[in-house]
Amino acid sequence: MSELISSAQNQKVKFLRSLYRKKYRKRHNKFILEGRRIIADALKEETDICQIFYSPQFLADQTNKDLIEKLANNTELIQITDSLLEEVADTETPQGIIAIVEQPQFDLNEFLHSENNFFLIVDRIQDPGNLGTIMRTADGAGVDGVFFLKGTVDIYNLKTIRATMGALFRIPIFDIDEPTDLEDVLQTEGIQIIAGDISAEDYYYDLDYCCPTAIIVGNEGSGIRPEVLNLVDHKVKIPLSAGVESLNAAIATGVMLYEVVRQRKSNNYL
Numbered sequence: 718m719s720e721l722i723s724s725a726q727n728q729k730v731k732f733l734r735s736l737y738r739k740k741y742r743k744r745h746n747k748f749i750l751e752g753r754r755i756i757a758d759a760l761k762e763e764t765d766i767c768q769i770f771y772s773p774q775f776l777a778d779q780t781n782k783d784l785i786e787k788l789a790n791n792t793e794l795i796q797i798t799d800s801l802l803e804e805v806a807d808t809e810t811p812q813g814i815i816a817i818v819e820q821p822q823f824d825l826n827e828f829l830h831s832e833n834n835f836f837l838i839v840d841r842i843q844d845p846g847n848l849g850t851i852m853r854t855a856d857g858a859g860v861d862g863v864f865f866l867k868g869t870v871d872i873y874n875l876k877t878i879r880a881t882m883g884a885l886f887r888i889p890i891f892d893i894d895e896p897t898d899l900e901d902v903l904q905t906e907g908i909q910i911i912a913g914d915i916s917a918e919d920y921y922y923d924l925d926y927c928c929p930t931a932i933i934v935g936n937e938g939s940g941i942r943p944e945v946l947n948l949v950d951h952k953v954k955i956p957l958s959a960g961v962e963s964l965n966a967a968i969a970t971g972v973m974l975y976e977v978v979r980q981r982k983s984n985n986y987l
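If you're matching positions, the sequence shown starts at 718 in the numbering used here and goes up one per residue.
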C-alpha cells in the first residue's frame, strides 16, 4: 500500500494539477484521464499510463481493486485522500481515480504508401462533443489516422476525451500547423483530398473513393477555411431537403466516411 498523500503541495500532485492546462500537456506530452471506465479502456489498448492517483474510497469496490492490481504491473500508484482527489478532479463527482498518460507519438511514414489509405482532416472543430463524436465515427469507419489543423479544440481536453469513448486510444493522431503542409504530406503521396461544400456541383456519392482518400471536416460555423479548400481535389455536397441549410459537422462527417466504407466494401477494396 502506497503512502497516503493529503497535501496539494506534494510535487506529484502539483504536476498532476498542471496537466489540466493545455500548455503543460503540450510541454510534457502527457494528458489526464478521469474515471474507472476510460482508464480501463486505456489499459486494454496498451496505452502508456505513467501514474495513477486513487483514493481510499475507490478501493471499496472489488472491480476497482482488480483494476489497481492490473495497473500495478507497469504503473506508479499514488494514493491520495478522497478530499484531495475531489479538489484536483475536473468532474463534479469524480470516481476516485485519475491517470497521467503519455501522449502517443506516431510516424506518419508508417501509415502512408498504402493503396487504400483513408484519412480524416479536422479543420478548427471547436465543440469537444462534436470532436469526440467525429473521432468515434472515424474509429468505426476504420480510418488510418486523423489530422488536426491548427485551431481545432484540444483532443486531450477532458471533455473531448470523454466524448471519444475510447476511440482516442485506437486512432493515430497527427498535428498539422499550416494547411500547405497537407499538400506536402498527402498530395505528394497521391491521396485525393475531398471537402464537403454546400455550393459544390457533385454529390458525395458520385465520387470514386476506391483510391487513397482524405476527407476534410470544417468548423461548425464557418466551415472549411478558403486556404484549405484551395488544396482539395474535389468538393462534394450532401443532398438536403428544402429549407435545410446544413447538417451538424459530426453527422456530415459520418455520412461521408461511411460512403467511403460502402464503396470499398462493395468493390472488395477493404
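Glycine is no exception: its CB is placed at the ideal position from the N, C-alpha and C atoms. All values reported here derive from a predicted model rather than from experimental measurement.
Spatially closest choice to residue i from the options, by CA coordinates
i      : options                           : result
LEU866 : TYR920, ILE814 and PHE891         : PHE891
GLN768 : ASN727, ILE815 and LYS787         : ILE815
ALA967 : THR850, ARG981 and ALA880         : THR850
ASP840 : LYS761, ASP923 and GLU937         : GLU937
ASN874 : THR905, SER983, SER916 and GLY846 : GLY846
TYR920 : VAL934, LYS954 and GLN774         : LYS954
GLY935 : VAL730, ASN965 and LYS876         : ASN965
ASP950 : ASN985, THR877, THR764 and GLN904 : GLN904
GLN812 : LYS982, ASP778, THR897 and LEU899 : ASP778
Distance between beta carbons of residue j and residue i, contact taken as under 8 Å
i      : j      : result
LEU736 : ARG742 : 5 Å
PHE835 : VAL977 : 6 Å
THR792 : ILE755 : 15 Å between Cβ atoms; not a contact.
ILE797 : ILE910 : ILE797 to ILE910, Cβ: 47 Å. No contact.
VAL818 : GLN843 : The pair is not a contact, with the Cβ atoms about 24 Å apart (cut-off 8 Å).
LEU829 : LEU788 : The Cβ separation is near 35 Å, so there is no contact.
LEU801 : VAL860 : So it is not a contact: roughly 40 Å between Cβ atoms.
LEU848 : THR877 : 5 Å
Cut-off 8 Å between Cβ atoms - residues of its own chain near residue i, not counting five sequence neighbours on either side
i      : result
ALA855 : LEU837, VAL863, ALA884, ILE888, THR970 and LEU974
LEU946 : ALA912, ASP914 and LYS952
THR780 : ARG753
Sequence-distant residues of its chain with Cβ nearer than 7 Å to residue i (five each side left out)
i      : result
GLY907 : PRO929
ILE941 : ASP840, ALA912, ILE933 and GLY935
SER868 : A small correction: the amino acid at residue 868 is Gly; Ser does not occupy that position in the sequence shown. Excluding positions up to five away in sequence, the list reads ARG841.
PRO956 : TYR920
Terminal residues of the beta strand (DSSP E) in which residue i lies
i      : result
LYS954 : 951-954
ASP892 : 890-893
LYS747 : 747-751
ILE872 : Note, ILE872: premise wrong, no beta strand (DSSP E); not H, not E.
TYR771 : 766-771
Residues near residue i by beta carbon distance below 6 Å, same chain, minus five either side
i      : result
TYR926 : VAL977 and GLN980
N-terminal and C-terminal residue of the alpha helix (DSSP H) that residue i is part of
i      : result
ALA789 : No alpha helix (DSSP H) holds ALA789; DSSP gives it neither H nor E.
ASP901 : 897-902
GLN702 : Since the first and last residues shown for the chain are 718 and 987, residue 702 lies out of range.
Minimum Cβ-Cβ distance from residue i to chain C less than 7 Å
i      : result
GLY907 : Chain labels in this structure do not include chain C; a single protein chain is all it has.
Three CB pairs or more closer than 8 Å across the segment 746-758 and the segment 799-815 = yes
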